[in-house]
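Structure record follows, encoded as structure tokens.
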Amino acid sequence: LRIDDPDGCRPCTCHLFGTYNNEGCDKVTGKCTCKGLVTGENCDQCLPEHYGLSEEFSGCKPCDCVIGGAYDNNCDVISGQCKCRPNFSGRRCDTADSSFYCPSIDHYTYEAENANITRGDVVQKELPLHARDRKWTGEGVVRVYEGSTLSFQVNNLAQSMNYGIIIRYELPPSYYGWENVEIAVVRPSNLDPNGPCSGAAPSDDFLIVRLQPDRQYVEVSPYVCLEKGKSYEIRIAFGNKRSDYSDRSAYVFIDSIVLAPPATSLQVFQGSYVAERHRDEFTRYHCRNQALALTPITDLPEACLRYICPVAGSVFNQALKCNCDPTGSKSNICAPKGGQCECKTNVVGRKCDRCAVGTFGFGPSGCTACACDSVGSLNNVCDRQSGQCLCRERGITGRQCNQCQPGFWDFPTCRVCQCNGHASICDQVTGVCIDCRDLTDGRNCERCKNGYYGDPRLGANIPCKPCPCPKGPESGCQHADSCYLKSFDTKEVVCNCREGYVGERCNACDVNYWGTPNEVGGTCERCECNGNIDYSVEGSCDPVTGDCLKCLHNTEGTQCENCIEGYFGDAKIRSCERCVCNRLGTDASGGACDRVTGQCVCLPNVTGQQCDACAPLHYNLASGKGCEACDCDPTGVSMREDGSLALQCNQFDGRCPCKRGRGGRTCSECEDFYWGDPKAGECHRCECDPSGSASQQCHRTNGTCICLPGSGGPSCNECARGYTGRWPYCEACGECFTNWDSIIQELRKQVEELIDRANSIEDTGVGSVYDDVFERTEEILKNIKAKLESANITKQDTEKLQEEIEGLAEKLNQGVIETSASCESAWEELEKLLKKADELTRQAQELNENGAYNITYEAADRSAAAKARAAKANELIKLAENERNKAEEMLEKNERDFQKQFDENEAALKEIGSQMSTLEKLLPGLNKDVCGAESADCDELCGGPGDCGHCGGGGSCLQGSVTKAKQALVYVNETGGKLDEKQRKAEGLKGETQRLLSSASITKNKASKGHEVALEAAKMANNTKEQLEAILKETDSFLNEERSSPEQIRARAQEVLDAQISLTPEEIKELGDKIHKLLRNIDNIDDILAETKGNKTIAAALQRQAEKASEKASLIRNNMDTVKNEAKAAEELIQKTNKSWVNLENQMQKIRLKYLEVSKEAGRANEDAVEVMEKAESSEKAVEDNNEQLETARELLSEKQKGNEKKQARAEELKKRATRLLDMVQKQQKLIKELNDSVLAADVRIDDYVKKIDGLNDRIGKVSEEINTKINFHNSCDK
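Following the UniProt record's numbering, the numbering of the sequence shown begins with 1 at its first residue and continues without gaps.
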């Protein structure tokens, strides 16, 4: 605000985000107050190396670019994006792009095995199981010696700078390192005076370094300046291991060299306080040293992982491309830090471009393990392409060096193949000959192939020839798999025919096989009869066609596939059963039952598989003509429970179930004892006279009654025709009337028939009357003619059959007689039953109505029982008939088989007789071969077969095999005794050898101990010597220095005086005596030295074997010691456990006693508490009484205080007494409280003891489980 300003005030131009607290500008000067990280006149800019002006407290945020990945710490003022080097990404440039990676500081690693080697050996090493156990890079190391040289080519540097040369190596266990190692850097030209390495001294290219023992790498000092884009050669020459003398046996393993810049020369650690702080952190965590020491990237600290990309950017100026090998890697993406690609199986290298040591066959599926045999190969390294291992000896072959040369087997002993000269090679494992020649076969080519005969074994040399069975293999007509020579003299061949073939040359089919075996391609096949023939019976099938001829199990057909007539079922499973058809319901003219289902041919209206039931609404199966319809009147039958009409009649008498008021069989008539028309409702009661009628039921239509003889009339109450007199006393008219009346009735019947026939002739003519008779006659004649035409037999055949039938009839006569007797007895019983039924019926008619009903009811029961007996008799008759039929069938079937078997047995007996005679002729020769005498019967000297009692044994029976066997047994026993004696001698020699070996082993052990003591003394002496030499060198250098002050000389002299030998003179003397003593114990030192003087190579080999044996023995000893220690520890544990168990039991006993004591104390405490409570209650009552008395006294005192001194004194006395009582009450209450506390304390102690008991029980349980576990473990160890 100014007077001269016409506008008065000017607007502030300060940026709101950049000004402190949004206060705007100064009211006088207009200057803006910026936030901490904001600048500019208007506070609208971030400070350098900051970005993102915002409302935050500081206003802007630092760029925080990762130097190395970024060129500098400047970023975009809005987005904060840093300026990244090539292939780096992220806002801070802290990560590599996809398919790129940040290399480690030891990226420039050059493997020794790839260098130019002078006097050195490449040693390939297999990868360890864990990455942290790997102490080398590449495929292995190079063993170098004194005078060896390694030359490395370096031509891939990305930046000119100082590099440290690091040598990775591995020294054998030693007290000394390698003192003289020279390094020379050969440049392509002289240093450029204007180049980046212009300040380097030429002497820096020639360096000397010492390889320290127990170190993994050494870094050469000073650093060497190398320029990018140029090619260098780094030569490493190995001088003497010790400067003073040469050691030709000295060697060291060189893994690789690394060119790594020092941390101080990296851009990421220069130029700012933050960079120096990062360098300190990088150094504090030894990140560079850990990378050079091959620490796996997974084991690096987090701080070292953060610096991988910044350091890579400083060294390489970019992130490098992954370049993962498409064959060996799983993808083109590598690890962002270190660049390791994801390799396939057994593939190694950063780029997954080669097989690991011990594998081969680099391909899309990775590499395959060499799996070289540990016995046959020198190591587990094989050819990278073929996988061929390096075999130990010439006699061993195979890719894995696990096979013998061709012609040998049983690796590694490699024995000669035994193939009888018919094969060149055999199986490497089993020794079975391969590709036997000359038609031979078998493990050792010792027999002919199947189908050939001979003896191809060495010594016999009978070549194999085709078996002529009948035409030989490959002929298409060979029916034997093998054959053999019956006699080498006659060359007679015996064929081992296949199943189904017989004959000397297997040229015929066996019994019950069929085919054409003599034709090319012809075979003999087993007759396929579905198991319904006896294969042991010859002729059961046709040998040419294969048709079955003697079918069993009631079957027939070309393959016995059908049941015979009268049987049904499945013939293929032998289940043909006889047809069971009810005769009453079966149509006999329709044939037997169905051969598959067993369904019988039923008469009309008959159902069921056996035709044993009437169809619904039919009855009277017993008629034998089919079932009749019930024809029940729908209007007269009763109703079922479901409301439908009951139209089914009784199966036996056909009576329908009538409703009330209906009767008759079909319920179409009036009910019983009524007649008339029921449909019209006109039913009248029958009026039959009981004395003259046979039944109370009259005719249902006209009401006439059925009269007894002599009675007549509609109601049977008159004398009948032919009778005279007064009813009911009617008498017959006589014989004359009866005869005339019968004649008249017969004539009447004939007249009626003539009238019917005349009526038939009038309608259809004369012929139609006899049509049915003519038709039946013609049908019978036709059947007889057909049977005569089909019967292709002569008169003689008929007579023969007639004789056989008569014979069978005689055989069946007894059964028929028995069956007839059974039938006659059944009929007699049936007639008796019928007579008895008639008797009962007659008795029923003579009784009155009530008595008739009861008798009728009883008679019905008896009739039903009689009917059942009659049915049972019929069943017996049917069974008898079935047995008769079976007997007839068996006779017909077995007669021919019996005759045929009889003939076959006679022929077999004749053949056996001829064979017996042949064998009898051979008996003398056999007896000579066996017993030694050529006689058929028993020989007096040599004996013979049968009941002779002896065979051979005499002096003249030496040709018999029995005598020879006895002599052989004597020889065997003698040989066994000699072998036992040799065995005893061998065992004595073996014991002597073992004693010699034992003494030699003791001598060897003493020599070894002496050698070890000598080595130990030599090591101590060498150490002392080295220390003295070092002191002398330092003394010489000290004395030769120009500026040595008296104080320095005095200090150095004092150091020399203070130097002491680690052993005292007494100890040195004792050590020497010990060495001499051990050497004196070796008796044959000179002999040992003389024998081993010229065999240094053999001694070295034996030493290596001894070292291996020692290692194995030490392993076994360690295992045995471990087992012994474990067993001892287990025994100690068991003893301790037993002691602990005893202690626990003692403690438990004490605890139980203590628990009982505590329980008793608690009981006593409870009793005391009860007593105290009672006393407390009485005390409280006394207190209450005293209080009342005290109140009374106070009242009296207040009323009579003024004139009554006695009462006042009494009151004082009462007061004192009350005070004493109150004190007593308080003491009692205190005592009660103490007792209560003691009770509570006792309860607490009880709870503690209970907890302790529970804890001890748990411990006992755990100890018991441990004991059981150890017992089971040791039991399993014993097994």
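Here a beta-carbon is modelled for each residue, glycine too, at the ideal position from N, C-alpha and C.
First and last residue of the uninterrupted alpha helix (DSSP H) at residue i
| i | result |
| --- | --- |
| residue 306 | 302 to 306 |
| residue 273 | 273 to 284 |
| residue 287 | 287 to 292 |
Integer-rounded CB distance, given that residue j should sit under 8 Å from residue i
| i | j | result |
| --- | --- | --- |
| residue 210 | residue 178 | 7 Å |
| residue 260 | residue 106 | 6 Å |
| residue 720 | residue 734 | So it is not a contact: roughly 14 Å between Cβ atoms. |
| residue 401 | residue 389 | 5 Å |
Classification of residue i by the beta-carbon crowding that lies within 10 angstroms, buried from 16 upward
| i | result |
| --- | --- |
| residue 2 | exposed |
| residue 437 | exposed |
| residue 463 | exposed |
| residue 88 | buried |
| residue 768 | The predicted model places residue 768 with a pLDDT of 49, which falls under 50 and marks its position as unreliable; any figure quoted below should be read in that light. Residue 768 comes out exposed. |
| residue 11 | exposed |
| residue 394 | exposed |
| residue 654 | buried |
| residue 225 | buried |
| residue 478 | buried |
| residue 520 | exposed |
| residue 635 | exposed |
| residue 298 | exposed |
| residue 586 | buried |
| residue 310 | buried |
| residue 1294 | As shown, the chain starts at 1 and ends at 1279. That puts residue 1294 outside it, with no answer to give. |
| residue 686 | buried |
Proximity of residue i and residue j at Cβ, strictly below 7 Å
| i | j | result |
| --- | --- | --- |
| residue 148 | residue 120 | yes |
| residue 420 | residue 450 | no |
| residue 602 | residue 592 | no |
| residue 250 | residue 113 | no |
| residue 32 | residue 46 | no |
| residue 529 | residue 548 | yes |
| residue 351 | residue 366 | no |
| residue 268 | residue 68 | yes |
| residue 58 | residue 37 | yes |
| residue 493 | residue 483 | yes |
| residue 290 | residue 228 | no |
Endpoints, the beta strand (DSSP E) within which residue i is located
| i | result |
| --- | --- |
| residue 639 | Per DSSP, residue 639 belongs to no beta strand (DSSP E) and is neither H nor E. |
| residue 75 | 70 to 75 |
| residue 584 | Per DSSP, residue 584 belongs to no beta strand (DSSP E) and is neither H nor E. |
| residue 675 | 674 to 677 |
| residue 139 | Here residue 139 belongs to no beta strand (DSSP E), and DSSP marks it neither H nor E. |
| residue 234 | 232 to 238 |
| residue 130 | Taken as a continuous stretch (DSSP letters only), residue 130 belongs to no beta strand (DSSP E), as it is neither H nor E. |
| residue 432 | Taken as a continuous stretch (DSSP letters only), residue 432 belongs to no beta strand (DSSP E), as it is neither H nor E. |
| residue 119 | 116 to 124 |
| residue 481 | 480 to 487 |
| residue 1319 | A query on residue 1319 cannot be resolved here, the shown segment of the chain reaching from 1 to 1279 and no further. |
| residue 1356 | Past the boundaries of the shown model lies residue 1356; the chain is included only from 1 to 1279, so the question cannot be answered. |
| residue 162 | 161 to 170 |
| residue 498 | Careful: residue 498 lies outside any beta strand (DSSP E) and carries neither H nor E. |
| residue 513 | 513 to 515 |
| residue 254 | 251 to 260 |
| residue 208 | 206 to 211 |
Using a Cβ distance threshold of 8 Å, determine whether the segment 240 to 257 contacts the segment 187 to 204, with at least three qualifying pairs required.
no
Three or more C-beta pairs under 8 Å: does that hold for the segment 169 to 183 against the segment 324 to 340?
As far as the Cβ criterion goes, the segment 169 to 183 does not touch the segment 324 to 340, which means the pair count is below three.
Does the structure place the segment 239 to 250 close enough to the segment 194 to 207 that three or more beta carbon pairs sit under 8 Å?
Cβ pair count under 8 Å is below three, so no.
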